[in-house]
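In our numbering, the protein residues as written are 180 to 323.
Here's the structure, in structure tokens; my notes come after.
Here's what the structure looks like:
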């Protein structure tokens, strides 16, 4: 079994304004796009990663799941998690290493994520409170 220490995966310290999941996602994505993590390289298990960096395993799982959903990594049952052979973004779009904090703080979207965010169909869910206020007032007036 490979431990996190055995893989060249040095990541920057977590910025104060960034969530742990976003930090893990951004740093691994940056390592992939900058070429520090090559295609088909095995990533540490979520348990090993969490233990090595002193974070919750659930945060590592969430970061890995986002990378998996966007196509940066691939999971092979019984074999582990690997950097995808075909990446969703070209290496030309990778931010420079000095832009790490800006990428982590901003939570930069992939090309597909940006297309979806710019879509006219992407809207926030409606506020349910106006619809609930009348039934709640009726119920509360019954008990007064």
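Even glycine gets a Cβ: it sits at the ideal position worked out from N, Cα and C.
If contact is defined by three or more beta carbon pairs under 8 Å, each pair taking one atom from either stretch, is the region 250-265 in contact with the region 209-220?
yes
When the Cα of residue 199 is compared with those of 256, 239 and 246, which residue comes out closest?
The residue you call residue 199 lines up with position 20 of the chain shown. Closest option to residue 199, Cα to Cα, is 239.
Within the same chain, show all residues whose beta-carbon is closer than 7 Å to that of residue 243, passing over the 5 residues directly before and after it, in chain order.
Locating residue 243 in the chain shown gives position 64, counting from the first residue. Answer for residue 243: 225, 252 and 260, listed in chain order.
Beta strand (DSSP E) segment containing residue 255, residue limits
Stepping through the chain shown from its first residue, residue 255 is reached at position 76. Looking at the DSSP string, the run of the beta strand (DSSP E) that includes residue 255 is 252-255.
In this structure, does DSSP put residue 224 in helix, strand or coil?
As a position in the chain shown, residue 224 is number 45, starting the count at 1. Note: residue 224 maps to coil in three-state DSSP.
Between residue 267 and residue 249, which are expected to be in contact by the criterion C-beta below 8 Å, what is the C-beta distance as a whole number of angstroms?
For the purposes of this step, residue 267 is taken as the residue at position 88 of the chain shown. For the purposes of this step, residue 249 is taken as the residue at position 70 of the chain shown. Right, the Cβ-Cβ distance comes to about 6 Å (below 8 Å), so this counts as a contact.
Determine the DSSP secondary structure at residue 214, reduced to helix, strand or coil.
For the purposes of this step, residue 214 is taken as the residue at position 35 of the chain shown. Reduced to three states, the DSSP call for residue 214 is coil.
Beta carbon of residue 210, beta carbon of residue 188: below 8 Å?
Within the chain shown, numbered from 1, the residue matching residue 210 stands at position 31. Within the chain shown, numbered from 1, the residue matching residue 188 stands at position 9. A contact, by the Cβ cut-off of 8 Å.
In the DSSP assignment, find the unbroken alpha helix (DSSP H) run with residue 242 in it and report its ends.
Here the question's residue 242 lines up with position 63 in the chain shown. It spans 236-249 - the alpha helix (DSSP H) in which residue 242 sits, taken as one unbroken run.
Alpha carbon to alpha carbon, how far is residue 194 from residue 206?
The residue you call residue 194 lines up with position 15 of the chain shown. The residue you call residue 206 lines up with position 27 of the chain shown. So the two alpha carbons sit approximately 11 Å from each other.
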